[in-house]
């Protein structure tokens, strides 16, 4: 542990300026590395922006010159015009709001419920063995196919849509998180058991915190799944929401409405995913520092 | 010497889907208060089984395990157990890791936390309280694990090869630290190890086990001269070499006996 400090001192005394030069040289290497990395990032960003502009430009051009069927494919300025008008007449925001609300409720509840069921399976190994084949069947099934049942059962409203969303998210969440619970390092569990810890203490002090990162990342996965459930649910109930707008546009053969709704979904879904990813980052960092 | 730990005619059979196998057979031993006993032997001799029985992690198939005259039926904070790896929880700070036993036992209060701080300082870990485990070296982490085990003030420490995953010089430092800490607190200790030199340098008594099924092959009382010195010093004595050779020979014979038996 106690290294003799003499050699270091000698080096320092003999060539402090030489060391400084060396330091500067190493720092220089780091600086040029950073500059190179910045350049690459900039090039990526510019290419991304260019692709977007090119895509919309080509679309606009093709639409205006009737190279493509405008009835089917519309074109960007028409989309933005449609969006602007629906924003002004106050119909866009309520539709967007209700869809966003359903999605948030869907992925939050889906993750919570899935985690709770996973905890139940972890606690009672008998139940988990009994449930195993049923989980496999439920997981392999396309759950949105249950949509009509939910509408009959819960009425054509928000409840049915949330249930459809849960059917998409809960099973896979349960399976992923239960598997993570079972993967917890046995040594950690042994530590708690050796102090005379109860099953609840094993869960609270080891299983849950050790699986925390997976639960939060499942939250992110469920954002995507919840969108599927919500849009399909809105297709079926056809009362409100962005999914309803899409179906409506389809029925009156107005693809400008369909595509502009898709555009809104793309933007809102991306923003929501980014927010949850930021939340994940913050939560897992907080977990480390706590 | 007052007997603190006792195995009486203990037989343990592991039962699994692949079959049942006898890990130890009709084993009896008594360990006195304040004694440091090592269990050595080839793999399959049931060293770790004995430790798990003493800890209350396993219930013997036949026979009785006693600690302080009472039957051991489940783990408790009176018997500390140090694992081969530190298994510090990566999501907790060093202080919270060292205090986990107190939290589980419900004895976590300001005074207890203060005593954990003192303990960490005594083990040369002052200033690491708010750090996370990944920031510490392997030797420091194992010292935190020692603090975690000592924090609940157990009478007995069961050491399951706690130094085997460490670099040689860290291992020697830690042997000295553990030896000194346990002696100062008058703790009873049972060490399981593969390392005969470690057993000889640290213990008052070494029990050599023979395999298939596990049973006692030989018992060595370590001479006073070796016992009284810290392990690193003891290793330099001529008596130490004699003890080591005797252990080596006993282990070889034990292995042969086990081979014939199986």
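Residue numbers (the numbering used here), protein chains in the order written: chain A, 311 to 600; chain B, 5 to 266. No residue lacks a Cβ here, since even glycine has one placed at the ideal position from N, Cα and C. Quantities reported herein were computed from a predicted structural model and do not represent experimental measurements.
Neighbouring residues, chain B, relative to residue i (Cβ below 8 Å)
| i | result |
| --- | --- |
| residue 503 (chain A) | 61 and 79 |
Supposed contact pair residue j and residue i - C-beta distance, whole angstroms, cut 8 Å
| i | j | result |
| --- | --- | --- |
| residue 227 (chain B) | residue 28 (chain B) | Residue 227 (chain B) to residue 28 (chain B), Cβ: 28 Å. No contact. |
| residue 390 (chain A) | residue 565 (chain A) | At roughly 15 Å, the Cβ-Cβ gap does not stay under 8 Å, so residue 390 (chain A) and residue 565 (chain A) are not in contact. |
| residue 127 (chain B) | residue 92 (chain B) | Going by Cβ atoms, the distance from residue 127 (chain B) to residue 92 (chain B) rounds to 14 Å, so no, they are not a contact pair. |
| residue 79 (chain B) | residue 506 (chain A) | 5 Å |
| residue 520 (chain A) | residue 498 (chain A) | 6 Å |
| residue 590 (chain A) | residue 526 (chain A) | 5 Å |
| residue 224 (chain B) | residue 209 (chain B) | 7 Å |
| residue 98 (chain B) | residue 132 (chain B) | 5 Å |
| residue 164 (chain B) | residue 53 (chain B) | Contact doesn't hold; Cβ gap of about 11 Å is too wide. |
| residue 44 (chain B) | residue 203 (chain B) | 5 Å |
| residue 490 (chain A) | residue 524 (chain A) | 4 Å |
| residue 180 (chain B) | residue 235 (chain B) | 6 Å |
| residue 200 (chain B) | residue 248 (chain B) | 6 Å |
| residue 411 (chain A) | residue 403 (chain A) | Rounded, the Cβ-Cβ distance is 12 Å, inconsistent with contact. |
Neighbour-count burial assignment, residue i, 16 or more Cβ in a 10 Å radius
| i | result |
| --- | --- |
| residue 549 (chain A) | exposed |
| residue 311 (chain A) | Legend: pLDDT at residue 311 (chain A) = 44, less than 50; position of this residue unreliable, value from coordinates given subsequently. Counting Cβ neighbours within 10 Å, residue 311 (chain A) comes out exposed, since fewer than 16 surround it. |
| residue 463 (chain A) | exposed |
| residue 600 (chain A) | Per-residue confidence for residue 600 (chain A) stands at a pLDDT of 38, beneath the threshold of 50, marking its modelled position as unreliable; the derived number appears in the next sentence. Classification for residue 600 (chain A): exposed. |
| residue 101 (chain B) | buried |
| residue 221 (chain B) | buried |
| residue 358 (chain A) | exposed |
| residue 360 (chain A) | exposed |
| residue 175 (chain B) | buried |
| residue 510 (chain A) | exposed |
| residue 87 (chain B) | buried |
| residue 376 (chain A) | exposed |
| residue 146 (chain B) | buried |
| residue 118 (chain B) | exposed |
| residue 468 (chain A) | buried |
| residue 103 (chain B) | buried |
| residue 552 (chain A) | buried |
| residue 330 (chain A) | exposed |
| residue 371 (chain A) | exposed |
| residue 314 (chain A) | Model confidence at residue 314 (chain A) stands at a pLDDT of 48, short of 50, so the residue's coordinates are unreliable; what they give is reported in the following sentence. Label assigned to residue 314 (chain A): exposed. |
| residue 260 (chain B) | exposed |
| residue 451 (chain A) | exposed |
| residue 237 (chain B) | exposed |
| residue 22 (chain B) | exposed |
Contact check, residue i vs residue j, beta carbons under 7 Å
| i | j | result |
| --- | --- | --- |
| residue 406 (chain A) | residue 574 (chain A) | yes |
| residue 543 (chain A) | residue 474 (chain A) | yes |
| residue 49 (chain B) | residue 251 (chain B) | no |
| residue 46 (chain B) | residue 166 (chain B) | no |
| residue 461 (chain A) | residue 535 (chain A) | no |
| residue 380 (chain A) | residue 373 (chain A) | yes |
| residue 502 (chain A) | residue 517 (chain A) | no |
| residue 66 (chain B) | residue 15 (chain B) | yes |
| residue 416 (chain A) | residue 454 (chain A) | no |
| residue 207 (chain B) | residue 42 (chain B) | yes |
| residue 448 (chain A) | residue 481 (chain A) | yes |
| residue 504 (chain A) | residue 85 (chain B) | yes |
| residue 38 (chain B) | residue 190 (chain B) | yes |
| residue 161 (chain B) | residue 143 (chain B) | no |
| residue 233 (chain B) | residue 155 (chain B) | no |
| residue 476 (chain A) | residue 420 (chain A) | yes |
| residue 571 (chain A) | residue 557 (chain A) | no |
Closer than 7 Å at the beta carbon, the chain B residues around residue i
| i | result |
| --- | --- |
| residue 511 (chain A) | 108 |
Closer than 7 Å at the beta carbon, the chain A residues around residue i
| i | result |
| --- | --- |
| residue 12 (chain B) | Neighbours of residue 12 (chain B) on chain A: none; closest Cβ ~23 Å, over 7 Å. |
Under 9 Å by beta carbon: chain A residues contacting residue i
| i | result |
| --- | --- |
| residue 89 (chain B) | 497 |
Contacts that residue i makes with chain B (C-beta to C-beta distance below 9 Å)
| i | result |
| --- | --- |
| residue 500 (chain A) | 61, 85, 87 and 91 |
Within chain A, the residues that residue i reaches when beta carbons sit closer than 8 Å
| i | result |
| --- | --- |
| residue 104 (chain B) | 501, 502, 505 and 515 |
| residue 156 (chain B) | 505 |
Residue i beta carbon near the ligand ADP (any heavy atom closer than 6 Å)
| i | result |
| --- | --- |
| residue 517 (chain A) | Questions concerning the ligand ADP fall outside what the structure shown contains, since it holds no ligand whatsoever. |
The segment 526-534 of chain A touching the segment 438-451 of chain A, judged by at least three CB pairs closer than 8 Å: no
Three or more C-beta pairs below 8 Å linking the segment 45-62 of chain B and the segment 190-208 of chain B: yes
Touch test, the segment 31-48 of chain B against the segment 577-594 of chain A, Cβ-Cβ under 8 Å, three pairs minimum: no
Any 3 or more C-beta pairs closer than 8 Å across the segment 5-17 of chain B and the segment 70-85 of chain B: yes
Cβ contact (3+ pairs, closer than 8 Å) linking the segment 16-27 of chain B and the segment 183-190 of chain B: no
Stretch-stretch touch, CB-based, cutoff 8 Å, three pairs: the segment 136-143 of chain B with the segment 115-127 of chain B: no
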